[in-house]
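First up is the structure itself, then whatever we jot down about it.
Numbering (the UniProt record's numbering), first residue to last: 1 to 425.
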């Protein structure tokens with residue numbers, strides 16, 4: 001009996017698979033292509049879910065407890081969850097699948113945005129808060145290893161009790177922002193209402209924090225030169241003395257459903273490029289060999305087969321797009337296809353930037369520009385609202401094409417995108 005048990009235990013050990021967790025389905029495909037039957041892979045973000053705000057299910061957290069490897073890919077939900085995963089499993093190894101990839105910047109604003117009247121405002125954001133007497137903190141975090149800017153103009157104004165709109169104080173804010181009377185301050189400085197500051201961030205720290213001394217209950221307006229969410233890393237930017245989040249009752253621009261779904265400075269949608277997938281494949285291969293060297297030849301065979309598949313995918317896409325003029329534009333709702341556009345000398349024309357739906361005036365500008373560019377279709381991502389895309393499509397009498405960069409069948413998905421672009425040109 002002992003002999004049989006020993007054999008069973010040895011058999012279990014010999015055929016044990018490496019437990020791996022990834023963030024999105026394309027990654028799962030990549031790891032399985034190389035790991036084959038030696039790996040068990042769990043993807044966190046389920047089909048149709050928003051990868052920016054996804055919260056893992058209890059069953060997925062169980063997968064974390066037994067996982068040996070986790071491959072992050074720098075999508076936003078990881079900012080909130082990787083530390084929690086590490087606390088859940090102290091032995092899990094985090095392997096950067098994107099090591100060696102040259103990141104593109106996310107489109108900060110498409111040029112049609114600058115044609116709106118909001119370009120006249122010297123600030124990008126304003127928020128109205130109902131505050132109690134006390135000391136608050138406003139923090140600025142590095143995102144992707146750096147601050148969005150090295151400094152920022154910051155105006156605090158106490159308002160009347162009956163303040164109901166930010167526009168009431170717009171002219172005053174404009175005058176303040178054009179004034180030379182500005183106080184330059186650094187990390188941990190205590191700010192006071194009815195003052196205009198230039199906040200300078202400490203490059204040696206991941207987070208620069210400023211205290212705000214509210215001496216009496218009331219309504220307060222904050223005007224910031226740049227969007228606060230551009231500096232929002234793992235934590236919300238405005239907190240009270242108990243470290244609880246403080247939210248604005250009004251903002252300019254108004255917050256939309258995806259207001260806090262920002263990527264930071266760099267575009268995380270790296271897997272839409274076959275060239276990038278080759279780099280990821282090498283990182284996966286190296287990681288598997290490191291933890292399971294005895295199966296190196298097996299992984300190497302699969303790795304070479306996968307490289308050939310990537311080359312074939314790239315070649316197929318180039319043939320499909322052969323007659324498409326260079327720098328041809330394709331309109332997308334969410335700017336997920338920057339690396340695909342770079343690889344094939346195309347230009348993605350985004351409607352939405354950083355998760356925000358365009359306002360009516362901006363929508364008019366987008367429609368005018370779409371007419372000028374002779375846009376024939378709009379690609380709307382399955383994971384996000386397509387309300388604006390449908391409004392533009394209706395106005396231009398063109399179609400909305402549903403797509404997703406998150407498909408598990410990465411090769412077929414990229415080829416499908418190329419065919420769609422070819423068909424509308």
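Here a beta-carbon is modelled for each residue, glycine too, at the ideal position from N, C-alpha and C.
Are the region 132-142 and the region 226-236 in contact at 8 Å, needing three or more beta carbon pairs? yes
Exposure label - residue 270; buried when at least 16 CB within 10 Å: It counts as buried.
In chain order, which continuous runs of the alpha helix (DSSP H) of length 4 or greater are located wholly inside the region 368-406? 387-396
Looking only at its own chain, which residues have a Cβ that is under 7 Å from the Cβ of residue 317, when we skip the five neighbours before and after it? Excluding residues within five positions, the ones whose Cβ falls inside 7 Å are 344, 414, 415 and 418.
Please classify residue 175: is it buried, with 16 or more other beta-carbons within 10 angstroms of its beta-carbon, or exposed? With fewer than 16 other Cβ atoms from the protein chains shown falling within 10 Å of its own Cβ, residue 175 counts as exposed.
Option nearest residue 204 by Cα separation, candidates 179, 53, 146 and 220: Ranked by Cα distance from residue 204, the first of 179, 53, 146 and 220 is 146.
Find the nearest neighbour of residue 335 within the set 89, 301, 58 and 105, judged by alpha-carbon distance. 105
Through-space distance from residue 277 to residue 310, alpha-carbon basis: 8 Å
Taking C-alpha atoms, which residue in 375, 97 and 64 lies nearest to residue 83? 64
Using 8 Å as the Cβ pair cut-off and three pairs as the minimum, do the region 72-81 and the region 21-33 touch? yes
Exposed or buried, what is residue 102 when buried is set at 16 or more other beta-carbons lying within 10 Å of its beta-carbon? exposed
Exposed or buried, which one is residue 338 when buried takes at least 16 other CB atoms within 10 Å? buried
Whole-Å CB distance - residue 198 paired with residue 184, under 8 Å assumed: 5 Å
Candidates 282, 367 and 173: which alpha carbon is nearest residue 31's? 282
Given that a residue counts as buried once 16 or more other Cβ atoms are within 10 Å of its Cβ, and exposed if not, what is residue 157? buried
Determine whether the beta carbon atoms of residue 399 and residue 393 lie at a separation below 8 Å. Cβ distance < 8 Å, so residue 399 and residue 393 count as in contact.
Please name the residue in 306, 132 and 290 whose C-alpha comes closest to that of residue 434. Residue coverage of the chain in this structure runs from 1 to 425, which leaves residue 434 outside it and unanswerable.
Starting from the Cα of residue 16, find the closest Cα among 273, 81, 294 and 389 and give me that residue. 294
For residue 429 versus residue 85, is the C-beta distance shorter than 8 Å? This structure does not reach residue 429, given that the chain is present from 1 up to 425, and the question cannot be answered.
Per DSSP, the bridge partner or partners of residue 190: 211
Own chain, CB closer than 8 Å to residue 134, minus 5 neighbours either side, in chain order: 214, 240 and 241
Are the CB atoms of residue 69 and residue 34 within a distance shorter than 8 Å? no
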